[in-house]
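Okay, so here's the structure we're looking at.
Numbering (the working numbering), first residue to last: 311 to 440.
If you want it as structure tokens, here you go:
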């Protein structure tokens with residue numbers, strides 16, 4: 311029985327290694343979309359629009375401050391229709407449904423004011439980013 315254990319362990323290690331290599335090969339085979347020059351230019355202009363003084367994020371920050379919120383905000387733009395925003399609150403503060411709705415309402419008002427697509431935004435109120 312003791313002689314079988316090393317063989318079983320060796321087979322498991324080989325299976326894990328084979329699985330890992332296949333996963334890496336699968337990731338390499340997936341097609342990556344490379345932006346054209348026009349798409350890059352459009353994305354840069356969109357990014358500038360969001361972050362400029364008086365732009366979307368500046369307006370949201372002002373509205374959150376007026377409402378009494380002093381939270382950190384982190385945003386990631388994956389595409390013009392995939393914008394993820396994390397409103398980070400201190401660990402000692404409870405995130406209630408009401409608070410989440412108030413914050414999302416402020417974002418939704420600013421999205422509407424800046425003629426953006428609300429469906430593009432995914433907003434989460436969190437203690438930390440996972």
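For each residue, glycine too, the CB sits at the ideal point set by N, CA and C. Since we're looking at a predicted model, the values are computed, not measured.
For the alpha helix (DSSP H) containing residue 420, name the first residue and the last one. In this chain, the alpha helix (DSSP H) harbouring residue 420 covers 407 to 423.
Are the CB atoms of residue 431 and residue 393 within a distance shorter than 7 Å? yes
If we count the other Cβ atoms within 10 Å of its Cβ and call it buried at 16 or more, is residue 345 buried or exposed? Taking all protein chains in view, the Cβ of residue 345 is surrounded by fewer than 16 other Cβ atoms within 10 Å, so the residue is classified as exposed.
C-alpha gap between residue 470 and residue 414, whole angstroms: Here the chain comprises residues numbered 311 to 440, so residue 470 is not present and cannot be evaluated.
CB-CB under 7 Å to residue 338, same chain, minus the five flanking residues each way: which ones, in chain order? Legend: pLDDT at residue 338 = 48, less than 50; position of this residue unreliable, value from coordinates given subsequently. The answer is none, since no qualifying residue turns up.
With the cut-off set at 7 Å, would you say residue 410 and residue 435 are in Cβ contact? yes
Taking the Cβ atom as the reference point for each residue, do residue 356 and residue 424 lie within a distance shorter than 7 Å? no
Among 437, 421, 439, nearest to residue 391 - alpha-carbon criterion: 421
Given that a residue counts as buried once 16 or more other Cβ atoms are within 10 Å of its Cβ, and exposed if not, what is residue 399? buried
Ordered list of alpha helix (DSSP H) runs contained in the stretch 346 to 397, each at least 4 residues: 347 to 361, 366 to 376
Short of 8 Å in beta carbon distance, which residues of its chain neighbour residue 371, apart from the five on each side in sequence? Order them along the chain. 383.
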